[in-house]
Structures are given as structure tokens and as C-alpha cells.
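*Asks:*
Number of protein chains: 2
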Amino acid sequence: MTGSVWKALAEDNRRQILLLLREHDMFPSELAKHFDTTLAAVSTNLRILKDADLIKETREGQKKRYSINPKKTLEIKEFFDKMWGHNLEGLKEFVESKE
Amino acid sequence: MTGSVWKALAEDNRRQILLLLREHDMFPSELAKHFDTTLAAVSTNLRILKDADLIKETREGQKKRYSINPKKTLEIKEFFDKMWGHNLEGLKEFVESKE
DNA sequence: TAAATATTTAAATAGTTCTTTAATTATCAT
DNA sequence: ATGATAATTAAAGAACTATTTAAATATTTA
Chain H
0 MTGSVWKALA EDNRRQILLL LREHDMFPSE LAKHFDTTLA AVSTNLRILK DADLIKETRE
60 GQKKRYSINP KKTLEIKEFF DKMWGHNLEG LKEFVESKE
Chain B
0 MTGSVWKALA EDNRRQILLL LREHDMFPSE LAKHFDTTLA AVSTNLRILK DADLIKETRE
60 GQKKRYSINP KKTLEIKEFF DKMWGHNLEG LKEFVESKE
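Which chain is which? The protein sequence lines are H and B, in order. Per numbering that gives the first Met the number 0, the first sequence starts with residue 0, numbered consecutively. Per numbering that gives the first Met the number 0, the second sequence starts with residue 0, numbered consecutively.
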């Protein structure tokens, strides 16, 4: 059931969906306006993101509201840490530039 | 020429190669021992990682030494920041625990 | 219950990716 | 140059992905 986070992130439109949902929750029909594809294609991508636990859905009347799932970032974060977490100079710099 | 970093990271064996190379540089034949595939398959994955600028190669006699490219992490880092960079608490904590 | 709206799922297809074996290129040592 | 070693590339096929149109499901409203 739980799909690969990495495969989910590997596609441009899906990463774009995530960035859009980070701005604010949206319905599929609303999201579809931002893309040059069909609603059906967006719906499929939403399913893939949901299977990877990157987003959540909640029914709201006849609509379905999609939102970022703030939890399940773990797998990608873990790889990121293992891979590049050591390079503390740059990371520390980045963190501090935000403070 | 430059392939997608995300597609490159989307495959298990390739992420494994990156983690192995992070330990220390390796030759293709050496890497292949860690996998249940052919040398040709490893070689293809190395090309994909190189096209994504995630690794570097340097010839060393008849062999080719592969190593992590510490630079080009930018694209994935940028997305990571945009998407989850807000959660600075955890990131900062991690950085400081290493100091 | 029937019509309207919102979204998902199915079927089909085109395109991409991964893996394998076999052939090829490159370097080194004699 | 020849033979040996190291690695890449080519060709072929299987497996997977993404997109589309059309049909199906779920919910609301009349």
C-alpha cells in the first residue's frame, strides 16, 4: 500500500503539487487549474502522493480537501541526513541565515 | 545532458550506491560486489548518477574511480528547504548535536 | 428518487526505465 | 602489437509510468 516517497517525488508535476499545497490546502479541481493536464491526471498524482504519505485528504461535502502531511518526511530526511548531513558547514550556515 | 536529480534518486540501488560512495570512493567492479546485479547494470546507474551531477569519475589507470560530488546537491536541497525548511527546530538540533 | 457536481477509477496507449547478454572501447603489461 | 583486465555501450525485451477519454462512484440539492 505505502508507495515509495522517492518515486512520488521523482515527477515534476507532483513536486509542484506539493509546493502548491504548502501554500494552502486545495481541492483537485482547484489544483488542476495550475496544470496543463486533465483533472484525472491530477487525481492520479494525488493518489500517488497520498500512497507515499506525503499528503492527506479529508472529505468536505462533495469535495475532497488535500493538504500536506507534515509528519511523514522521515524517509527522505533520513537519507538527506545520512548523505549530506555531515556537511555541517553549509547546513549550519543555512540554518543560521534563517534566524 | 544534465539528468534529473530526482529521477536519479528515485531508485533504490542508486541511493545505495551514493551511500556506499559516501563511505569511500570505489571502482565499478568493487561496487558491483555489493549488489545482486550485473556490472553493466551498476555501470548504467553510475552514468545516471553522473548525469545528475551527484557523483564524479576520475580515471585511475585501467580503473575508474567514482566519488561523491559534494557540490551539486542544490536542486534537492532547494526543494527540501522550500518544502520542509520551516521545520528548523529539528534541523538546528541535529546540526548542534554534531558539534 | 433524480439531477447536478466533484472526483475517482478503468482501459488503452505511448513513453520511459531497468536489466540482461554480447559486443566494444580503453588502458596496461609484456 | 598481443593478451589481459576494467568498464561502457548496444540491442532487446520486460516492467513500470504517465496521460487521456470514458465510465463509475459519492455527495448534495431539489
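Beta carbons: idealized from backbone N, C-alpha and C, even for Gly.
1) Report the partner residues of Met25 (chain H) according to the DSSP bridge assignment.
2) Quick check on Ala39 (chain H): buried or exposed, where buried means 16 or more other Cβ atoms within 10 Å of its Cβ?
3) What residue does the alpha helix (DSSP H) around Glu56 (chain B) start on, and which one ends it?
4) Check whether the Cβ atoms of Leu20 (chain H) and Arg14 (chain H) sit closer than 7 angstroms, and answer yes or no.
5) Restricting to Cα atoms, I'd like to know which of B:Ile67, B:Lys32, B:Asp35, B:Thr37 is closest to Lys49 (chain B).
6) If you draw a straight line from the alpha carbon of Gln61 (chain H) to that of Phe26 (chain H), how long is it in whole angstroms?
7) Does the beta carbon of Leu8 (chain H) sit closer than 7 angstroms to a beta carbon anywhere in chain B?
8) Any idea if Leu73 (chain H) is buried or exposed, counting beta-carbon neighbours within 10 angstroms, 16 or more meaning buried?
9) In chain order, what residues of the region 6 to 36 of chain H put their CB closer than 7 angstroms to some CB of chain B?
10) Output, in chain order, the set of chain H residues within a Cβ distance shorter than 9 angstroms of Lys70 (chain B).
11) Once DSSP output is grouped into helix, strand and coil, what is the label at Ser3 (chain B)?
12) Going by the beta-carbon positions, is the gap between Val41 (chain H) and Ala51 (chain H) smaller than 7 angstroms?
13) How would you list, in chain order, the residues of chain B whose beta-carbon sits under 8 angstroms from the beta-carbon of Lys55 (chain H)?
14) Classify Asp11 (chain H) as helix, strand or coil using the three-state DSSP reduction.
15) Ordered along the chain, which non-local residues of its own chain (more than five positions away) have a Cβ less than 7 angstroms from that of Ser3 (chain B)?
*Replies:* The structure says:
1) Sequence index remark: in the first sequence, residue 25 (chain H) carries index 26 (1-based). BP columns for Met25 (chain H) point to H:Tyr65.
2) Reading the first sequence from its first residue, position 40 is the one you call residue 39 (chain H). Ala39 (chain H) is exposed by the Cβ-count criterion.
3) To locate residue 56 (chain B), count along the second sequence from 1; it is residue 57. Careful: Glu56 (chain B) lies outside any alpha helix (DSSP H), inside the beta strand (DSSP E) at 54 to 59.
4) Here residue 20 (chain H) corresponds to residue number 21 of the first sequence, with the count starting at 1. Here residue 14 (chain H) corresponds to residue number 15 of the first sequence, with the count starting at 1. Not closer than 7 angstroms, so no.
5) Working through the second sequence from its first residue, we reach residue 49 (chain B) at position 50. Here the closest residue by C-alpha is B:Ile67.
6) Residue mapping note: residue 61 (chain H) aligns to position 62 of the first sequence, counting from 1. Residue mapping note: residue 26 (chain H) aligns to position 27 of the first sequence, counting from 1. If I take the Cα positions, the gap works out to 10 angstroms.
7) Residue numbering aside, residue 8 (chain H) sits at position 9 when the first sequence is read from its first letter. Yes - at least one Cβ of chain B is within 7 angstroms of the one on Leu8 (chain H).
8) Taking the first sequence and counting its residues from 1, one reaches residue 73 (chain H) at position 74. Result: exposed.
9) Lys6, Leu8, Ala9, Arg14, Leu17, Leu18, Arg21
10) Stepping through the second sequence from its first residue, residue 70 (chain B) is reached at position 71. Simply none; closest approach about 10 angstroms.
11) As a first step, residue 3 (chain B) must be located in the second sequence, where it is residue number 4. DSSP, reduced to helix, strand and coil, places Ser3 (chain B) outside both helices and strands of the structure shown, so it counts as coil.
12) Here residue 41 (chain H) refers to the residue found at position 42 of the first sequence. Here residue 51 (chain H) refers to the residue found at position 52 of the first sequence. Going by C-beta atoms, Val41 (chain H) is not nearer than 7 angstroms to Ala51 (chain H).
13) Taking the first residue of the first sequence as position 1, residue 55 (chain H) is located at position 56. The premise fails here: Lys55 (chain H) is roughly 15 angstroms from chain B at the closest Cβ pair, so nothing lies under 8 angstroms.
14) As a first step, residue 11 (chain H) must be located in the first sequence, where it is residue number 12. Residue state, collapsed to three classes: helix.
15) As a position in the second sequence, residue 3 (chain B) is number 4, starting the count at 1. Excluding residues within five positions, the ones whose Cβ falls inside 7 angstroms are Ala51.
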